[in-house]
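Participant:
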Amino acid sequence: MPTTIAYLAQGKVRLKTSNEAPRTIESPYANSIRERSVRAQQRNSWKTQGGGFLSGAMLWGQKGMDAGPTPVFVTSISGASESGKLIYSLESGTLCALLASENLSGEERRLWNNNNFKLQHVRACPATGHLAFSVLHSNGTANLGIMLSGESGVKELTEGDSVDTSPSWVPGEARRIVFQSAGVGRNRQGHFLALGPFAIQELNIDTVEMDTLLEDAKTDFLAPRVTADGPLYYIRRPYAPSEGINPFRAIKDLLLFPFRLAYALFQFLNFFSMSYTGKKLTTAGDTRARELDQRQMMIYGNLIRAQQGAEGDDAPDLVPNSWQLARRRASGGEEILAKGVVAYDVGADGTVAYSNGSAIFLITPDGRKERVLTERMIEQVLLLND
């Protein structure tokens, strides 16, 4: 059974090995970004000098000037074709990068970086080292992309008005990928309205042929994985379609329109203030809580919030029981393995690791279940073979 678990929690890569306590894998590249941000803040420290009425401290508030360095988040992690290595995607502002941790100790190699678009949901092919990922575009769509082993270019495999994410390589078939896909609904003006239900698709890279493996108008099928012995694993949850027009809500929206317009104008000005000065127009309230980056809490399009569990429960489920980890064998038939599942992974020996967002659990091939660790806001789990 694999004894090493890598996981993503609050934008950081964490590692749990055997009976040792979890530790954070530091990224030298991320640290260099923070150091540059600190130096930039020091160069602009004149804004806080002086105590006049229009001084920086008066204009922005003391808390506003203590925002700290530019936040850096790891957005996805993957194993590599070589044991003892990790691949991960990283974001800071408009910057996105792909990095490889060489020995799980902090030494890393930069594979790619760009300011024009972002890559997430990276997954390496164990056999070839090819990388698959989702390429996020500013219009709300996402395409599948690959980076072939030994090359640095990014090639997009899918296109169209859809969100294609969470790719995974099919074992034994180095040129086939399974992924989740949802169509984008727009109005006549082309504005985004809603996503359709996520289906599971399989793509042949060589022929660019696509097959639908699972699809249902009332269900989202997420995070597919195919194991060497044939079963298809995935998370299923009820699809929540957009609500129809409610006349009472329409009247309410009309009455609130002036206030919302004023709020939108304030946020517009606030955006420019943040862009050119790095500071907000308001400093009231708990700044740290207000500025917590919500990207680290987004799971498959849902904003996940930390919850207080029942008395005696130190690891509450962060999603409903309707978020279920399922397994469908090649012969057909679906088996539910766990409920309240945010993320999971399957080891080469059939061991399943999954998280409810607050803890990580293992299900052994003989069906035994155990809790491995407890931690806040776990969003991805990865089993590493020693």
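Sequence positions in the sequence shown follow my numbering and run 1048 to 1433. Backbone N, C-alpha and C fix where the C-beta goes; we use that ideal spot for every residue, glycine too.
#1: Is there at least one Cβ from chain B nearer than 9 angstroms to residue 1060's Cβ?
#2: Do residue 1286 and residue 1267 have their C-beta atoms within less than 9 angstroms of each other?
#3: Based on the DSSP output, what are the partners of residue 1175 in its beta bridges?
#4: Got a sec, what are the start and stop residues for the alpha helix (DSSP H) residue 1076 sits in?
#5: How long is the line joining the alpha carbons of residue 1063 and residue 1052, rounded to whole angstroms?
#6: Just to check my reading of the structure: residue 1141 and residue 1168 have Cβ atoms closer than 8 angstroms, yes? What is that Cβ distance to the nearest angstrom?
#7: Looking at the structure shown, is residue 1062 part of a helix, part of a strand, or coil, going by DSSP?
#8: I need the DSSP call for residue 1151, collapsed to helix, strand or coil.
#9: Considering just the uninterrupted stretch of the beta strand (DSSP E) at residue 1164, what are its terminal residues?
#10: Residues in the same chain with beta-carbon distance under 8 angstroms from residue 1255, minus the five sequence neighbours each way, listed in chain order, please.
#11: Looking at residue 1372: is its Cβ nearer than 9 angstroms to the Cβ of residue 1362?
#12: Where does residue 1246 sit, in a helix, a strand or coil, going by DSSP?
#13: What residue does the beta strand (DSSP E) around residue 1258 start on, and which one ends it?
#14: Applying the 10 Å Cβ sphere with the 16-neighbour rule, what's the burial state of residue 1403?
#15: Name the DSSP beta bridge partners of residue 1223, please?
#16: What's the gap between the Cα of residue 1171 and the Cα of residue 1200?
#17: For residue 1164 and residue 1189, I'd like the C-alpha separation in whole angstroms.
#18: If you follow the beta strand (DSSP E) that residue 1427 is in, where does it begin and where does it stop?
#19: According to the Cβ coordinates, are residue 1121 and residue 1080 closer than 9 angstroms?
#20: To the nearest angstrom, report how far apart residue 1127 and residue 1305 are at their CA atoms.
#21: Can you look up residue 1195 in the DSSP assignment and give me helix, strand or coil?
#22: On the DSSP letters alone, give me the boundaries of the beta strand (DSSP E) that residue 1371 sits inside.
#23: Does the separation of the CB atoms of residue 1156 and residue 1144 fall below 9 angstroms?
#24: So, for residue 1260: in the same chain, excluding its five sequence neighbours on each side, which residues have a beta-carbon less than 6 angstroms away from its beta-carbon?
#25: Would you please state the rounded distance, in angstroms, between the beta carbons of residue 1429 and residue 1125? I believe it to be under 8 angstroms.
#26: Using the C-alpha atoms, what's the distance from residue 1375 back to residue 1381?
#27: Just the C-alpha distance for residue 1262 and residue 1394, rounded to the nearest angstrom, thanks.
#28: Please classify residue 1132: is it buried, with 16 or more other beta-carbons within 10 angstroms of its beta-carbon, or exposed?
#29: Around the Cβ of residue 1240, are there at least 16 other Cβ atoms within 10 angstroms (buried) or fewer (exposed)?
#30: Does residue 1392 pass the burial test, meaning 16 or more other C-beta atoms within 10 Å, or should it be called exposed?
#31: Less than 8 angstroms between the CB atoms is what I'm expecting for residue 1407 and residue 1419, so what's the real figure, rounded?
#32: Would residue 1273 and residue 1196 be called neighbours here (beta carbons separated by less than 9 angstroms)?
#33: What does the alpha-carbon distance come out to for the pair residue 1148 and residue 1426?
#34: Return helix, strand or coil for residue 1412, following the three-state DSSP convention.
#35: Measuring alpha carbon to alpha carbon, tell me which of 1405, 1161, 1202 and 1383 ends up nearest residue 1366.
Facilitator: In this structure, then:
#1: Protein chains in the displayed structure number just one, and chain B is not present.
#2: Walking along the sequence shown from the start, residue 1286 turns up at place 239. Walking along the sequence shown from the start, residue 1267 turns up at place 220. Yes.
#3: Along the sequence shown, one-based indexing puts residue 1175 at 128. Answer is none; residue 1175 lacks a bridge partner.
#4: Locating residue 1076 in the sequence shown gives position 29, counting from the first residue. Taken as a continuous stretch (DSSP letters only), the alpha helix (DSSP H) holding residue 1076 covers 1075 to 1090.
#5: For the purposes of this step, residue 1063 is taken as the residue at position 16 of the sequence shown. For the purposes of this step, residue 1052 is taken as the residue at position 5 of the sequence shown. Taking the straight line from one Cα to the other gives about 5 angstroms.
#6: Along the sequence shown, read from residue 1 onward, the residue named residue 1141 stands at position 94. Along the sequence shown, read from residue 1 onward, the residue named residue 1168 stands at position 121. Contact doesn't hold; Cβ gap of about 19 angstroms is too wide.
#7: For the purposes of this step, residue 1062 is taken as residue 15 along the sequence shown, with counting starting at 1. If DSSP states are grouped into helix, strand and coil, residue 1062 belongs with the strands.
#8: For this step, residue 1151 is matched to residue 104 along the sequence shown. In the structure shown, residue 1151 sits in coil (DSSP, three-state: anything other than H, G, I, E or B).
#9: Position 117 of the sequence shown, counting from 1, holds the residue named residue 1164. It is not in any beta strand (DSSP E) - residue 1164 carries neither H nor E in the DSSP assignment.
#10: As a first step, residue 1255 is located in the sequence shown; it is residue number 208 there, counting from the start. The residues are 1204.
#11: The residue you call residue 1372 lines up with position 325 of the sequence shown. The residue you call residue 1362 lines up with position 315 of the sequence shown. Cβ distance not < 9 angstroms, so residue 1372 and residue 1362 don't count as in contact.
#12: As a position in the sequence shown, residue 1246 is number 199, starting the count at 1. In the structure shown, residue 1246 sits in a strand (DSSP, three-state: E or B).
#13: If you number the sequence shown from 1, residue 1258 lands on position 211. Per DSSP, residue 1258 belongs to the beta strand (DSSP E) from 1257 to 1261.
#14: Position 356 of the sequence shown, counting from 1, holds the residue named residue 1403. Per the 10 Å Cβ criterion, buried.
#15: Counted from its first residue, the sequence shown places residue 1223 at position 176. Beta-bridge pairing links residue 1223 to 1251.
#16: The residue given as residue 1171 occupies position 124 in the sequence shown. The residue given as residue 1200 occupies position 153 in the sequence shown. Approximately 15 angstroms, taken between the alpha carbons.
#17: For the purposes of this step, residue 1164 is identified with residue 117 of the sequence shown, where counting begins at 1. For the purposes of this step, residue 1189 is identified with residue 142 of the sequence shown, where counting begins at 1. Roughly 10 angstroms separates the two Cα atoms.
#18: Locating residue 1427 in the sequence shown gives position 380, where the first residue counts as 1. Element bounds for residue 1427: 1425 to 1431.
#19: Residue numbering aside, residue 1121 sits at position 74 when the sequence shown is read from its first letter. Residue numbering aside, residue 1080 sits at position 33 when the sequence shown is read from its first letter. Taking 9 angstroms as the Cβ cut-off, residue 1121 and residue 1080 do not qualify as a contacting pair.
#20: Here residue 1127 refers to the residue found at position 80 when the sequence shown is read from its first residue. Here residue 1305 refers to the residue found at position 258 when the sequence shown is read from its first residue. If I take the Cα positions, the gap works out to 53 angstroms.
#21: Here residue 1195 refers to the residue found at position 148 when the sequence shown is read from its first residue. DSSP places residue 1195 in coil when its eight states are reduced to three.
#22: Numbered from its first residue, the sequence shown carries residue 1371 at position 324. Looking at the DSSP string, the run of the beta strand (DSSP E) that includes residue 1371 is 1371 to 1375.
#23: If you number the sequence shown from 1, residue 1156 lands on position 109. If you number the sequence shown from 1, residue 1144 lands on position 97. Their beta carbons are not under 9 angstroms apart, which means residue 1156 does not touch residue 1144 by this criterion.
#24: For this step, residue 1260 is matched to residue 213 along the sequence shown. Hits under 6 angstroms: 1247 and 1249.
#25: Looking up residue 1429 in the sequence shown gives position 382. Looking up residue 1125 in the sequence shown gives position 78. Rounded, the Cβ-Cβ distance is 7 angstroms, consistent with contact.
#26: For the purposes of this step, residue 1381 is taken as residue 334 along the sequence shown, with counting starting at 1. For the purposes of this step, residue 1375 is taken as residue 328 along the sequence shown, with counting starting at 1. Approximately 5 angstroms between the Cα atoms of the pair.
#27: In the sequence shown, the residue the question calls residue 1262 occupies position 215. In the sequence shown, the residue the question calls residue 1394 occupies position 347. Between residue 1262 and residue 1394, the C-alpha separation is close to 26 angstroms.
#28: The count along the sequence shown starts at 1 and reaches residue 1132 at position 85. Under this definition residue 1132 is a buried residue.
#29: Working through the sequence shown from its first residue, we reach residue 1240 at position 193. Counting Cβ neighbours within 10 Å, residue 1240 comes out exposed, since fewer than 16 surround it.
#30: For the purposes of this step, residue 1392 is taken as residue 345 along the sequence shown, with counting starting at 1. Residue 1392 should be labelled buried.
#31: Here residue 1407 corresponds to residue number 360 of the sequence shown, with the count starting at 1. Here residue 1419 corresponds to residue number 372 of the sequence shown, with the count starting at 1. Residue 1407 to residue 1419, Cβ: 5 angstroms. Contact.
#32: On the sequence shown, residue 1273 is found 226 positions in, with the first residue counted as 1. On the sequence shown, residue 1196 is found 149 positions in, with the first residue counted as 1. No. Outside cutoff.
#33: Sequence index remark: in the sequence shown, residue 1148 carries index 101 (1-based). Sequence index remark: in the sequence shown, residue 1426 carries index 379 (1-based). Going by the C-alpha atoms only, they are around 19 angstroms apart.
#34: Taking the first residue of the sequence shown as position 1, residue 1412 is located at position 365. If DSSP states are grouped into helix, strand and coil, residue 1412 belongs with coil.
#35: Residue numbering aside, residue 1366 sits at position 319 when the sequence shown is read from its first letter. Looking at the Cα atoms, 1405 is the closest of the given residues.
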